[in-house]
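Report on the following structure.
In our numbering, the protein residues as written are -18 to 116.
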């Protein structure tokens, strides 16, 4: 899914001559389907819409570069601390659309927690997928 998301974003910005409302609507839809989040997708697209008008962004490349900068800024601004209860057990629930890297993230998180002396137990929640438990 993640590869599909990036492929769709790349295709969206390729072969477009100009930026219009149809393009921005498709971008917003792609961001939402890529699990960016409805509010975040809407805010990003509105920001691009305003920038396109006020700064004369007209090519897909200009808008793509502005989108990359806006996402990087969002990621830089968001810092949160993992707060587990003082007494075990702690529970972390990971949800998201298929193919967005949840399993990889869970493995990295488990490794990180183990490196800090925590005991980790993983349970598969996606039992409809072949080999979900084995993975």
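Note that beta-carbon positions come from the ideal geometry of N, C-alpha and C, so glycine has one too.
In this structure, does DSSP put residue i in helix, strand or coil?
{"i": "residue 105", "result": "coil"}
{"i": "residue 35", "result": "helix"}
{"i": "residue 99", "result": "coil"}
{"i": "residue 8", "result": "helix"}
{"i": "residue 86", "result": "helix"}
{"i": "residue 21", "result": "helix"}
{"i": "residue 26", "result": "helix"}
With a threshold of 16 other CB atoms inside 10 Å of the CB of residue i, please say whether the residue is buried or exposed.
{"i": "residue 9", "result": "buried"}
{"i": "residue 123", "result": "The chain is shown from -18 up to 116; residue 123 falls before or after that span and cannot be answered."}
{"i": "residue 16", "result": "buried"}
{"i": "residue 22", "result": "buried"}
{"i": "residue 60", "result": "exposed"}
Distance, Cα to Cα, residue i vs residue j?
{"i": "residue 1", "j": "residue -8", "result": "16 Å"}
{"i": "residue 40", "j": "residue 97", "result": "48 Å"}
Inspect the beta-carbon positions of residue i and residue j and report whether they are closer than 8 Å.
{"i": "residue 86", "j": "residue 75", "result": "yes"}
{"i": "residue 38", "j": "residue 32", "result": "yes"}
{"i": "residue 57", "j": "residue 29", "result": "no"}
{"i": "residue 91", "j": "residue 78", "result": "no"}
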